[in-house]
Amino acid sequence: MSALFKFSSLLQIILLLICSSTYVHCQWPSLLERYKQHGVLSIFWKFARIGERASPYVSLACIVMVANQFNS
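Heads up: the sequence shown runs through residues -26 to -1, 1 to 46, numbered per mature numbering (1 follows the signal peptide of the UniProt record, and there is no 0).
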């Protein structure tokens, strides 16, 4: 089954994108800043912004997902 059809897998993919985009933006800020206004690629800048501003909630969601994976 595709990861897009299972809700928990979809949440894991979104969390992975948020965490990865935030890391890339912290290491190389100009890389995502140049795509801020470019349609499809701007989603990574938006994920990085979510990761920076909501980091306690994102980290809590990551911990919950890890616990969910260990229990499955």
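C-beta atoms are modelled at their ideal positions from N, C-alpha and C, and glycine is treated no differently.
Q. Are residue 21 and residue -10 touching if we call contact CB-CB under 8 Å?
A. In contact: residue 21 and residue -10 (Cβ atoms closer than 8 Å).
Q. Where does residue -20 sit, in a helix, a strand or coil, going by DSSP?
A. helix
Q.
Here's the rule I'm using: 16 or more other beta-carbon atoms within 10 Å means buried, otherwise exposed. How should residue 19 be labelled?
A. That one is buried.
Q. Going along the chain, which residues of its own chain have a beta-carbon closer than 6 Å to the beta-carbon of residue 24, five neighbours each way excluded?
A. -9
(Q) Check this for me: beta carbons of residue 6 and residue 12, under 8 Å apart or not? (A) no
Q | Candidates -22, -21, -13 and -20: closest to residue 17 by CA position | A | -13
Q | DSSP-derived helix/strand/coil call for residue 2 | A | coil
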